[in-house]
């Protein structure tokens with residue numbers, strides 16, 4: 321799945337900024353990719369940022385990654401787009417202009433918390449871009 325690298329970096333940055341650094345909630349440092357968005361939850365607030373592929377379709381891959389580590393990896397990537405593919409076990413391979421990266425996937429400890437919030441039933445307020 322081809323995705324704009326800047327859009328991916330921006331989504332990760334916004335979710336990390338929205339949930340902050342001061343959580344003792346298990347898994348709060350992780351980002352969950354599902355339902356066409358990047359999500360996190362710190363025990364008090366849930367942040368979800370929509371993410372689309374180059375064809376403007378919702379991001380279809382699912383997985384849980386460490387947020388700050390993913391942001392650090394993405395900051396080093398070159399090019400305008402990346403290809404992200406998943407194998408049969410759900411492990412991702414991110415292919416970019418100068419090589420590939422295989423980020424470490426984590427056990428999803430937050431999906432049940434996020435599902436309990438019934439995000440699809442909430443009224444969302446758009447946050448400013450800056």
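Numbering (the working numbering), first residue to last: 321 to 450. Cβ coordinates follow ideal geometry from the N, Cα and C atoms, glycine included.
Query                                                                                                                                       : Result
Is the distance from the Cβ of residue 384 to the Cβ of residue 350 below 7 Å?                                                              : yes
Given that a residue counts as buried once 16 or more other Cβ atoms are within 10 Å of its Cβ, and exposed if not, what is residue 444?    : exposed
With a threshold of 7 Å between beta-carbons, can residue 415 be considered close to chain B, or not?                                       : Considering every chain present, this structure includes no chain B. It has just one protein chain.
What distance in whole Å lies between the Cβ atoms of residue 416 and residue 398, which are believed to be in contact at a cut-off of 8 Å? : 6 Å
Quick one: what does DSSP say residue 326 is sitting in, helix, strand or coil?                                                             : helix
How big is the Cα-Cα spacing for residue 422 and residue 368?                                                                               : 23 Å
Could you check the C-alpha separation between residue 425 and residue 382 for me, to the nearest Å?                                        : 10 Å
Between the C-alpha atoms of residue 374 and residue 436, what's the straight-line distance to the nearest angstrom?                        : 31 Å
Could you check if residue 337 is buried or exposed, using at least 16 other CB atoms within 10 Å of its CB as the buried criterion?        : exposed
Have a look at residue 455 and residue 440 and give me their C-alpha separation to the nearest angstrom.                                    : Because the chain here runs from 321 to 450, residue 455 falls outside it and cannot be looked at.
Considering only their Cβ atoms, is the gap separating residue 393 from residue 325 smaller than 7 Å?                                       : no
Sort 334, 340, 328 and 329 by Cα distance to residue 446 and report the nearest one.                                                        : 334
According to DSSP, is residue 449 helix, strand or coil?                                                                                    : coil
Return the residue from the list 377, 364, 355 and 354 that minimises the CA-CA distance to residue 323.                                    : 377
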